[in-house]
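Okay, structure first, notes after.
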Amino acid sequence: MVLPNGPAADGCGVTLPSMEQLAKYREALIRGREIAARTFDDWLIKLSAGALAIALGFVRTTAAPRAPWALVVSWVLFTLGLALMLISFRTSSASFTKALKQAADQLDPERLWRETPGGRQVAATTALTYASGVCFVCGVFALGYFVIVNLENLR
Numbered sequence: 013m014v015l016p017n018g019p020a021a022d023g024c025g026v027t028l029p030s031m032e033q034l035a036k037y038r039e040a041l042i043r044g045r046e047i048a049a050r051t052f053d054d055w056l057i058k059l060s061a062g063a064l065a066i067a068l069g070f071v072r073t074t075a076a077p078r079a080p081w082a083l084v085v086s087w088v089l090f091t092l093g094l095a096l097m098l099i100s101f102r103t104s105s106a107s108f109t110k111a112l113k114q115a116a117d118q119l120d121p122e123r124l125w126r127e128t129p130g131g132r133q134v135a136a137t138t139a140l141t142y143a144s145g146v147c148f149v150c151g152v153f154a155l156g157y158f159v160i161v162n163l164e165n166l167r
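Positions in the sequence shown are counted from 1; adding 12 to them yields this note's numbering.
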């Protein structure tokens, strides 16, 4: 998130934003919160859930599969990715709520420049989203390995 006319990291001699700029910033945060609840997260959830469903479908279609551990690993990774994404929804909402509170704080407007908008939840949301993506990619590789090893059993 970028604050309107924000100061440099060292905070030297930059004027604070006007109330109008803060109001516009608040509106942008509200729009951002709405958008954050959709897009990449939605697609990652859809893909992980679909991949998990496909992986579960292999349970009955393979007779004495080789490398069953790869299938189990893919299940765990897809499920973990979904769980991490759900947790990131909560931290994302909390980060926008904190940023809105920071923007609305009339008592100490300089606080906007001393604190990261959204606080620690921004970093947590980013980490959870990346971890969920990594789980998805690794789950795809584990499922792909299982399929390749068992191609002759699937025919």
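Glycine included, each C-beta is placed from N, C-alpha and C at the ideal position. These numbers were taken from a predicted model, which means no experiment stands behind them.
How about residue i and residue j: are their beta carbons less than 9 Å apart?
i, j, result
"residue 103", "residue 64", "no"
"residue 145", "residue 85", "no"
"residue 161", "residue 76", "no"
"residue 80", "residue 153", "no"
"residue 112", "residue 43", "no"
By Cβ distance below 6 Å, which residues in the same chain neighbour residue i in space, the five residues on each side in sequence not counted?
i, result
"residue 100", "137, 140 and 141"
"residue 143", "96"
"residue 93", "60, 144, 147 and 148"
"residue 87", "67"
"residue 34", "115"
Could you tell me the boundaries of the alpha helix (DSSP H) in which residue i lies?
i, result
"residue 86", "80–116"
"residue 137", "132–161"
Leaving out five residues before and five after residue i in sequence, what residues of the same chain have Cβ atoms less than 8 Å from its Cβ?
i, result
"residue 21", "Because residue 21 sits at a pLDDT of 45, beneath the cut-off of 50, its placement in the model cannot be relied upon, and the following sentence gives the value as read from the coordinates. Taken in chain order, the list of residues that qualify is empty."
I'd like the list of long-range same chain contacts for residue i, defined as Cβ closer than 7 Å, with 5 residues on each side in sequence excluded.
i, result
"residue 69", "none"
"residue 133", "103, 106, 107 and 110"
"residue 57", "94 and 97"
"residue 14", "Summary for residue 14: the model assigns pLDDT 49, below 50, so the residue's position carries little reliability, and this model does not support an answer."
"residue 78", "161 and 162"
Three or more C-beta pairs below 8 Å linking the segment 38–49 and the segment 108–117: yes
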